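Keeping their order, the protein sequence lines are chains A and B.
Quick note, in this note's numbering, the first sequence goes up one by one and the last residue is 567.
Quick note, in this note's numbering, the second sequence goes up one by one and the last residue is 567.
Number of protein chains: 2
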Amino acid sequence: MKTDGRLARMLHVLVHMGLLDGRETSERIALMLNTNPVVVRRTLGALRDHGIVESEGGRGGGWKLTRSLDQVTVLDVQRALTAGTILTTPVSRDHPSCPVERAANSVLEEAYAAAEKQLIAKYGVTTLAQIAEHAKARRWQRPRRETDSGHNDDGA
Amino acid sequence: MKTDGRLARMLHVLVHMGLLDGRETSERIALMLNTNPVVVRRTLGALRDHGIVESEGGRGGGWKLTRSLDQVTVLDVQRALTAGTILTTPVSRDHPSCPVERAANSVLEEAYAAAEKQLIAKYGVTTLAQIAEHAKARRWQRPRRETDSGHNDDGA
DNA sequence: TGATATCGTAACAATGCGTGTTACGGATAA
DNA sequence: TTATCCGTAACACGCATTGTTACGATATCA
Ligand code: FES
Ligand code: FES
Numbered sequence: 412m413k414t415d416g417r418l419a420r421m422l423h424v425l426v427h428m429g430l431l432d433g434r435e436t437s438e439r440i441a442l443m444l445n446t447n448p449v450v451v452r453r454t455l456g457a458l459r460d461h462g463i464v465e466s467e468g469g470r471g472g473g474w475k476l477t478r479s480l481d482q483v484t485v486l487d488v489q490r491a492l493t494a495g496t497i498l499t500t501p502v503s504r505d506h507p508s509c510p511v512e513r514a515a516n517s518v519l520e521e522a523y524a525a526a527e528k529q530l531i532a533k534y535g536v537t538t539l540a541q542i543a544e545h546a547k548a549r550r551w552q553r554p555r556r557e558t559d560s561g562h563n564d565d566g567a
Numbered sequence: 412m413k414t415d416g417r418l419a420r421m422l423h424v425l426v427h428m429g430l431l432d433g434r435e436t437s438e439r440i441a442l443m444l445n446t447n448p449v450v451v452r453r454t455l456g457a458l459r460d461h462g463i464v465e466s467e468g469g470r471g472g473g474w475k476l477t478r479s480l481d482q483v484t485v486l487d488v489q490r491a492l493t494a495g496t497i498l499t500t501p502v503s504r505d506h507p508s509c510p511v512e513r514a515a516n517s518v519l520e521e522a523y524a525a526a527e528k529q530l531i532a533k534y535g536v537t538t539l540a541q542i543a544e545h546a547k548a549r550r551w552q553r554p555r556r557e558t559d560s561g562h563n564d565d566g567a
């Protein structure tokens, strides 16, 4: 499967909006994400349904954060994007009545449950504000030498 | 993407072979996995390349374990199936020069590194023999009431 | 009112990767 | 020589995300 990049993209967009503290249109966001406005609406739509952002139609409309960056965790975004588990346990269902298959599956399920617990723990204590700080710190540590220099760097 | 069921399938097959302690043909294994002999050869071929099983062609040939079940860990099988990381971190590569994207990605990378560490730890200490024991224990705890009763249950 | 800017959504193609299938060649034992 | 088996190439399929086009609804501005 193509890798699911929605979480990373949304973190990027949300921190971007939080730092610039302004309304952004789907079109501008699409340019910064090298994608299509429809994809942006689709994905940000899920966040809107969970109260993380709000959208306004019509001229001058766009997307805006409903809370400050320190009020949103990575876990909040993850939960808004997909219900249920984050990782999909790679079990087999070839022979459901076989005790061996079940034993193998249960080993995998336990391992993945532990792994997902780790993910949730990290996601839960990481706020978007921390990501923003991290980004700013890096900015000073490693100034870009290319034409771009951070936000809206390529103007696109 | 379709879930990757190779690890679970291989664990099932290997434990099956270990318990019955015999040579199995791709055809028989394919039947027990509800799949195709070619898929079996493909996947078991990876394990052969890593010394977990061996194959013999010609009449009377088939697949056989090269070590006993307590000499193979789940991690061994995983490593034989795929090189590199087990989990794929869902990073974005839309704007590689943007510090915010990098910061978001690095959060995800750390979280996934921790999660994968959990997986590897569990995989590394779990042998196929343990899965076999688990299966046998379950067998006694919950005897099947249907026509099948364990290995080769539906004869298919 | 009319023109313009935005979101909302449906519909469908593209993509990636494990899986399923068919086909054929090589090897080994009866 | 025949019956099995593995090895491999080649190609179609399933499925979830992504990308694209099209059209409708809504809000602002001149
Ligand atoms: S934060 Fe604006 S483009 Fe990365
Ligand atoms: S162990 Fe033989 S079919 Fe499950």
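Glycine included, each C-beta is placed from N, C-alpha and C at the ideal position.
Note that the coordinates shown come from a computational prediction; the quantities given were computed from them, not determined experimentally.
Rounded separation between residue i and residue j - CA only
i, j, result
"B:Val518", "A:Glu435", "24 angstroms"
"A:Leu486", "B:Arg452", "41 angstroms"
"B:Thr484", "B:Ile440", "21 angstroms"
"B:His427", "A:Val424", "49 angstroms"
"B:Asp481", "B:Ala540", "5 angstroms"
"A:Gly429", "A:Asn445", "20 angstroms"
"B:Gly471", "B:Gly433", "12 angstroms"
"A:Lys547", "B:Cys509", "11 angstroms"
"B:Val536", "A:His545", "36 angstroms"
"B:Gly468", "A:Val450", "51 angstroms"
Close-in-space but distant-in-sequence residues of the same chain around residue i (CB under 7 angstroms, 5 per side omitted)
i, result
"B:Glu438", "Pro448"
"B:Val464", "Leu455, Leu458, Trp474, Lys475, Leu476 and Thr477"
"A:Arg417", "Thr454 and Leu492"
"B:Ala538", "In the sequence under discussion, the amino acid at residue 538 of chain B is Thr, which differs from the Ala named in the question. The residues are Leu480, Asp481, Val483 and Thr484."
Among the options, nearest to residue i - alpha-carbon criterion
i, options, result
"A:Arg549", "B:Thr493, B:Arg513, B:Val464 and B:Gln482", "B:Arg513"
"B:Asn516", "A:Arg490, A:Asn445, A:Ala543 and A:Ala494", "A:Ala543"
"A:Met443", "A:Gly471, A:Asp432 and A:Met421", "A:Met421"
Sequence-distant residues of its chain with Cβ nearer than 8 angstroms to residue i (five each side left out)
i, result
"A:Leu498", "Tyr523, Ala526, Glu527 and Leu530"
"A:Glu520", "Thr500 and Val502"
"A:Gln489", "Leu418, Ile497 and Tyr534"
Cβ shell of residue i (< 6 angstroms), same chain only, five flanking positions each side left out
i, result
"A:Ser466", "Arg459 and Trp474"
"B:His461", "Ala491"
Buried versus exposed call for residue i [16 or more other C-beta atoms within 10 Å across all chains shown]
i, result
"A:Lys533", "buried"
"A:Arg504", "exposed"
"B:Pro507", "exposed"
"B:Thr414", "exposed"
"A:Ala494", "exposed"
"A:Val511", "buried"
"A:Arg555", "The predicted model places A:Arg555 with a pLDDT of 46, which falls under 50 and marks its position as unreliable; any figure quoted below should be read in that light. Classification for A:Arg555: exposed."
"A:Thr558", "The pLDDT assigned to A:Thr558 is 42, lower than 50, so where the model puts this residue is not dependable; a value taken from the coordinates is nonetheless given after this. Exposed, because fewer than 16 other Cβ atoms sit within 10 Å of the Cβ of A:Thr558."
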